[in-house]
Structure formats: structure tokens, C-alpha cells
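Heads up, the thing below is written out as C-alpha cells.
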Amino acid sequence: MPSDARVEIKNGDVKSTGTMEGDISIGDAKSSYFRADSVHYVNSRLALQVMGTQGEAEKSTVIAASLRPQTPSGSYKLGGSEINDLSYYPPRGDLLWTVTGGGINITFDEDGKRAHGTLQIFGKHLQQTLEVLVSFDVRN
2 MPSDARVEIK NGDVKSTGTM EGDISIGDAK SSYFRADSVH YVNSRLALQV
52 MGTQGEAEKS TVIAASLRPQ TPSGSYKLGG SEINDLSYYP PRGDLLWTVT
102 GGGINITFDE DGKRAHGTLQ IFGKHLQQTL EVLVSFDVRN
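Shown next, in the form of C-alpha cells:
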């Protein structure tokens with residue numbers, strides 16, 4: 002069920018840098034370009050999360066993935082044991098989407114301080130469909 006609650010990022014004092022960018026497509030309409038203004042990356046024993054935010058506060062768009070802690074590099078689909086959650090939050094007041102599928106292809110460096118790959122999210126709202134496809138390269 003869609004919700005207006007934003008994903009909780011368990012970053013504490015973590016300072017992340019990097020990029021997340023790609024396309025957001027709704028139905029047959031032209032896709033819009035997404036480029037994160039800020040990124041968050043957490044890879045600890047308690048959490049494994051990648052998130053990009055475009056815009057500020059209530060006008061922000063958020064794209065995020067939460068994986069099972071200590072998941073290794075690889076390709077994973079929503080519904081498998083490695084992905085806890087895939088999230089797409091449009092600016093407040095826009096349509097809320099139910100995530101119906103997607104996956105992540107993620108590669109970690111040796112010490113886990115950097116991750117890069119692609120994230121895909123499929124969603125639905127009534128008869129409209131959503132597809133998000135972004136690439137990311139994030140580090141702490």
C-alpha cells in the first residue's frame with residue numbers, strides 16, 4: 002500500500018558522497034531525468050542502504066534500496082531474501098505509487114566503503130505504471 006512516510010535512513014554520522022542518476026518513466030509519457038542532489042550510503046552490520054534525493058523537503062523525490070546487512074556484490078530481485086525494500090517517493094502532493102517489482106545490481110569495493118551499480122523500480126497507481134532506472138556510485 003502506498004504511503005507518504007519517507008524511508009528511514011540509518012546513517013548516524015555517516016557522510017556519503019557520489020552520484021545517483023537516471024530516468025523516471027510514467028506510462029507512455031516521456032521520461033524525466035533524475036539526478037540526486039544528495040546521496041546516502043550505509044554498509045554496516047545493522048544496515049545496508051543506498052538512497053538518492055532530488056529537491057528539498059516536501060518537494061523532494063527519493064529513490065532508495067535497503068538490503069539485508071552483509072549482502073555481497075551481485076544482482077538481486079525484489080521478493081528475494083537479499084532486498085528488504087525498494088522505495089520511490091515523489092514530491093508530496095504527487096501520486097503515491099505501490100512498488101510492484103524491481104531489483105538492484107550492486108558491486109562493493111573490498112572494504113565496503115564504496116558501492117556502484119544500477120537500481121530499477123516498477124510501480125503502479127490505478128492504471129498508470131512507473132519505471133525508475135538509475136545508476137549509482139556512492140562512497141563513505
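FYI, our numbering numbers position 83 of the sequence shown as 84, with every residue one higher than the one before it. From the three backbone atoms N, C-alpha and C, an ideal C-beta is built for every residue, glycine too. Predicted, not measured: the structure shown is a model, and the values here were computed from it.
{"Query": "Segment contact flag, the region 54-67 with the region 87-103, C-beta cutoff 8 Å, min 3 pairs", "Result": "yes"}
{"Query": "Identity of the residues DSSP links to residue 39 by a beta bridge", "Result": "54"}
{"Query": "DSSP three-state assignment for residue 120, whether helix, strand or coil", "Result": "strand"}
{"Query": "Separation of residue 130 from residue 85, as counted between CA atoms", "Result": "22 Å"}
{"Query": "Residue 129: first and last residue of the uninterrupted beta strand (DSSP E) it sits in", "Result": "129-140"}
{"Query": "Top-ranked residue by Cα proximity to residue 135, from 17, 18, 16 and 22", "Result": "22"}
{"Query": "Cutoff 6 Å; reference residue 121; Cβ partners in own chain excluding five residues on either side", "Result": "103, 104 and 134"}
{"Query": "Residue interval of the beta strand (DSSP E) (run including residue 65)", "Result": "62-68"}
{"Query": "Counterpart residues of residue 45 in DSSP-defined beta bridges", "Result": "BP columns for residue 45 are empty, so no partner."}
{"Query": "Whole-Å CB distance - residue 100 paired with residue 118, under 8 Å assumed", "Result": "Wrong, their Cβ atoms sit about 18 Å apart, outside the cutoff."}
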